[in-house]
Amino acid sequence: MSAHVSAHAGTRIGTRAGAYVGTQIGLMDKALWMSPIANTLGNMTSTPKPLDFNDSVAKGLRLYDTATHSIAPFESIRPGEVGIYVCGATVQSSPHVGHIRAAVAFDVVRRWLLRLGYKVTFVRNVTDIDDKILDKARAAGQRWWERAYIYEREFTEAYDTLGVLPPTYEPRATGHIQDMVDLIQRIIDNGHGYVVLDADGKPTGNVYFDVASWPRYGELTHQESGTKPAADEAAAVADRMGPSVDAAGEDKYNPVDAADASPDKHDPRDFALWKAPKDTDPEDARWKTPFGVGRPGWHIECSAMSHRYLGDDFDIHGGGLDLRFPHHENETAQSRAAGWGFAHHWMHSAWVTQKGEKMSKSLGNGLSVPSVLAEHSAWVVRYALASVQYRSMLEWGDQTLNEAQAAYDRVSNFIERAGAAIGEQPSRDEIQSVGAGDLPEDFVNAMNDDINVAGGVGAIFSAVRAGNTLLSKLEDAADSAAARAEVRGVLVSVRAMLDTLGLDPLAAEWAAGGDGGDGKEHEALDALISEQLQARAEARKAKDYARADAIRDALAEAGVVIEDSPTGSTWSLK
Numbered sequence: 001m002s003a004h005v006s007a008h009a010g011t012r013i014g015t016r017a018g019a020y021v022g023t024q025i026g027l028m029d030k031a032l033w034m035s036p037i038a039n040t041l042g043n044m045t046s047t048p049k050p051l052d053f054n055d056s057v058a059k060g061l062r063l064y065d066t067a068t069h070s071i072a073p074f075e076s077i078r079p080g081e082v083g084i085y086v087c088g089a090t091v092q093s094s095p096h097v098g099h100i101r102a103a104v105a106f107d108v109v110r111r112w113l114l115r116l117g118y119k120v121t122f123v124r125n126v127t128d129i130d131d132k133i134l135d136k137a138r139a140a141g142q143r144w145w146e147r148a149y150i151y152e153r154e155f156t157e158a159y160d161t162l163g164v165l166p167p168t169y170e171p172r173a174t175g176h177i178q179d180m181v182d183l184i185q186r187i188i189d190n191g192h193g194y195v196v197l198d199a200d201g202k203p204t205g206n207v208y209f210d211v212a213s214w215p216r217y218g219e220l221t222h223q224e225s226g227t228k229p230a231a232d233e234a235a236a237v238a239d240r241m242g243p244s245v246d247a248a249g250e251d252k253y254n255p256v257d258a259a260d261a262s263p264d265k266h267d268p269r270d271f272a273l274w275k276a277p278k279d280t281d282p283e284d285a286r287w288k289t290p291f292g293v294g295r296p297g298w299h300i301e302c303s304a305m306s307h308r309y310l311g312d313d314f315d316i317h318g319g320g321l322d323l324r325f326p327h328h329e330n331e332t333a334q335s336r337a338a339g340w341g342f343a344h345h346w347m348h349s350a351w352v353t354q355k356g357e358k359m360s361k362s363l364g365n366g367l368s369v370p371s372v373l374a375e376h377s378a379w380v381v382r383y384a385l386a387s388v389q390y391r392s393m394l395e396w397g398d399q400t401l402n403e404a405q406a407a408y409d410r411v412s413n414f415i416e417r418a419g420a421a422i423g424e425q426p427s428r429d430e431i432q433s434v435g436a437g438d439l440p441e442d443f444v445n446a447m448n449d450d451i452n453v454a455g456g457v458g459a460i461f462s463a464v465r466a467g468n469t470l471l472s473k474l475e476d477a478a479d480s481a482a483a484r485a486e487v488r489g490v491l492v493s494v495r496a497m498l499d500t501l502g503l504d505p506l507a508a509e510w511a512a513g514g515d516g517g518d519g520k521e522h523e524a525l526d527a528l529i530s531e532q533l534q535a536r537a538e539a540r541k542a543k544d545y546a547r548a549d550a551i552r553d554a555l556a557e558a559g560v561v562i563e564d565s566p567t568g569s570t571w572s573l574k
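Quick note on numbering: the sequence shown equals residues 1 to 574 in full-length UniProt numbering.
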């Protein structure tokens, strides 16, 4: 925690479910499940106010596209607007650091688009029904929807704690059953899906996508169709480690769905659009449809929800690298087979690794978010996750976290000293109103280069060095007002660049020194300590050094460190 903090409470603007519209079998707590807006948690990150669109700077944005294996200029479908769909969590168990990396990575992408002045519609779904949820709930003696809701809230809390902006919409799969049924019917009518019938000619509840009917299948991840080299080393690593249509065999990150292994399929490549229930599935996890009783296949959920909130065509589809195949490959096939343009651009975040292996709960190396936050502040954890380019693998360990802590100490020290020197901290409104065109050129160039956060961080520390140099010369400046204005300009730039990464230390979510504490508590503490510092300053002015030392010692006993400078005294917690 440090002095000169200005904090503003945030409010979540996203909704978390569409109303249930299908025919559902069995009884359950519908008051919980059918609610169009889920309960939210207290200390939320606020979405920045819209900025004016800066076309000249936005034209410089270049992004890597998984489908084309190249970096190219980004052009939105509608000028000044961007629609993004990112695959969210399957809420079967607690989140680990690997889960949150993707959320933080796309949060940074979104924040840069907002800083460019785009109006961003950001959709991140919740998969609240699947085999793992059903199986784990049964093993734990829980209702499946109860388990899903418990862990949905854990993910929400992790997102909020790490400063991830709330999505514009956060739909649950179970809230969009009718959308899925309509989409499946559309695919069948277009000749790209088939219903499995029983011996009496009645629908069994199993519906499959007919891959052979769709010649474009594999267009997203097919790596052997061209001979051009990978765009860069990150792309080469992703192609080597990430799943694809060319990588036959068992996928340890995405085990084969039992429905997709059915002998009823026309082709081994066909995948489930709708699935007949297993004997162990509870009655309230089954829906009546024209195809028979069952529940949705995994891939159809995201196609239906992205279409509901973003329409036939949208700009960017994102997710973790492990989702490239089969999930995203199947999504794009079924959506385009339905006659939609679907995503125009594909972005995939790389993994958090430990000893070169993807962090994954199924592999036994998942590191829970609470366990990491027990030893490191939320700011430090977010910095560790956000400070590398989204397509680069992130090796997790003590060195990564130590570097993040050192970064916090360095930037917070400059911000604190600069604020003391000019006698104020610029407000959060001022920081958030700084558009991309007013940020340092090296930072803008880095962020426009496929969200090169590492380069952006380099620009931040260059500005910190320049600011520290100005502070060291402040006392000797002939025009002190002009010198302070120069320091203030650097301070605003540094905080605005950090804020673009979701890391302004004086934002409400970091107001307690990066530990996600309450900004109002800090303001109260700041007022109390500032009163003591004023009394100490008066004692020193009166040459009552014994009283001044007693105040300093009492604060030190309470864990408050005082740092004196020619421009005044500041405080921080040990």
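Every residue gets a Cβ at the ideal spot worked out from N, C-alpha and C, and that includes glycine.
Output the boundary residues of the alpha helix (DSSP H) element that contains residue i.
{"i": "Asp549", "result": "545 to 557"}
{"i": "Met497", "result": "480 to 500"}
{"i": "Ala463", "result": "453 to 472"}
{"i": "Asp65", "result": "Note, Asp65: premise wrong, no alpha helix (DSSP H); beta strand (DSSP E) at 62 to 65."}
Can you check whether the CB of residue j is closer than 8 Å to the CB of residue i?
{"i": "Val120", "j": "Ile77", "result": "no"}
{"i": "Arg101", "j": "Leu394", "result": "yes"}
{"i": "Arg495", "j": "Ile422", "result": "no"}
{"i": "Gly502", "j": "Arg382", "result": "yes"}
{"i": "Ile188", "j": "Val196", "result": "no"}
{"i": "Ala350", "j": "Ser392", "result": "yes"}
{"i": "Leu367", "j": "Ala384", "result": "no"}
{"i": "residue 617", "j": "Ala89", "result": "The question about residue 617 has no answer here: the residues shown for the chain are numbered 1 through 574."}
{"i": "Val293", "j": "Gly205", "result": "yes"}
{"i": "Leu471", "j": "Gly419", "result": "no"}
{"i": "Tyr118", "j": "Ala235", "result": "no"}
Which class does residue i belong to by DSSP, given the choice of helix, strand or coil?
{"i": "Ala89", "result": "coil"}
{"i": "Glu170", "result": "coil"}
{"i": "Tyr390", "result": "coil"}
{"i": "Gln354", "result": "strand"}
{"i": "His307", "result": "helix"}
{"i": "Lys278", "result": "coil"}
{"i": "Asp239", "result": "helix"}
{"i": "Ala31", "result": "At Ala31, the pLDDT of 32 sits below 50, so the modelled position is not reliable; the number obtained from the coordinates is stated separately. Ala31 falls in the helix class under three-state DSSP."}
{"i": "Asp442", "result": "helix"}
{"i": "Asp131", "result": "helix"}
{"i": "Lys59", "result": "coil"}
{"i": "Pro50", "result": "coil"}
{"i": "Gly201", "result": "coil"}
{"i": "Arg153", "result": "helix"}
{"i": "Glu395", "result": "strand"}
{"i": "Arg78", "result": "strand"}
Would you list the residues sitting across from residue i in a DSSP beta bridge?
{"i": "Trp214", "result": "According to DSSP, Trp214 bridges with nothing at all."}
{"i": "Thr45", "result": "None; Thr45 has no bridge partner."}
{"i": "Gly83", "result": "Thr121"}
{"i": "Trp571", "result": "Ile562"}
{"i": "Phe271", "result": "Phe209"}
{"i": "Val126", "result": "Arg172"}
{"i": "Ala72", "result": "Leu63"}
{"i": "Ser368", "result": "His96"}
{"i": "Asp449", "result": "Arg62"}
{"i": "residue 585", "result": "Nothing in the structure corresponds to residue 585, since the chain is present only between 1 and 574."}
How is the beta strand (DSSP E) around residue i delimited, first residue to last?
{"i": "Met347", "result": "342 to 349"}
{"i": "Asp315", "result": "313 to 320"}
{"i": "Leu197", "result": "193 to 197"}
{"i": "Ala420", "result": "Element bounds for Ala420: not the beta strand (DSSP E) but the alpha helix (DSSP H), 398 to 422."}
Report all residues from its chain with a CB closer than 6 Å to the CB of residue i; omit the five preceding and five following residues, and keep chain order.
{"i": "Pro263", "result": "none"}
{"i": "Pro106", "result": "First, the residue type needs correcting, since residue 106 is Phe and not Pro in the sequence shown. Excluding sequence neighbours, Phe106 sits near Val86, Gly318."}
{"i": "Trp340", "result": "Asp312"}
{"i": "Leu323", "result": "Cys87"}
{"i": "Gln389", "result": "Asn452, Val453, Ala454"}
{"i": "Glu563", "result": "Thr570"}
{"i": "Gly437", "result": "Asn54, Val57"}
For residue i, I'd like the list of residues in its chain whose CB is within less than 8 Å of its CB, leaving aside the five on either flank, ordered along the chain.
{"i": "His327", "result": "Cys87, Asn254, Trp298, His299, Cys302, Gly319"}
{"i": "Val123", "result": "Gly83, Ile84, Tyr85, Val86, Pro167, Thr168, Tyr169, Glu170, Pro171, Met305, Ser306, Tyr309, Leu310"}
{"i": "Arg110", "result": "Ile84, Val120, Phe122, Leu165"}
{"i": "Ala248", "result": "Per-residue confidence for Ala248 stands at a pLDDT of 49, beneath the threshold of 50, marking its modelled position as unreliable; no derived number is given."}
{"i": "Met497", "result": "Leu439, Pro440, Phe443, Gly456, Ala459, Ile460, Ala463"}
{"i": "Arg186", "result": "Ala338, Gly339"}
{"i": "Asp279", "result": "none"}
Cutting at 7 Å between CB atoms, please list the residues of its own chain near residue i, excluding the five before and the five after it.
{"i": "Gln532", "result": "Ile551, Leu555"}
{"i": "Val245", "result": "Gly218, Thr221, His222, Phe325, Glu329"}
Heavy atom of the ligand FMN less than 7 Å from the Cβ of residue i, yes or no?
{"i": "Asn402", "result": "Among the components of this structure there are no ligands whatsoever, and the ligand FMN is therefore not found."}
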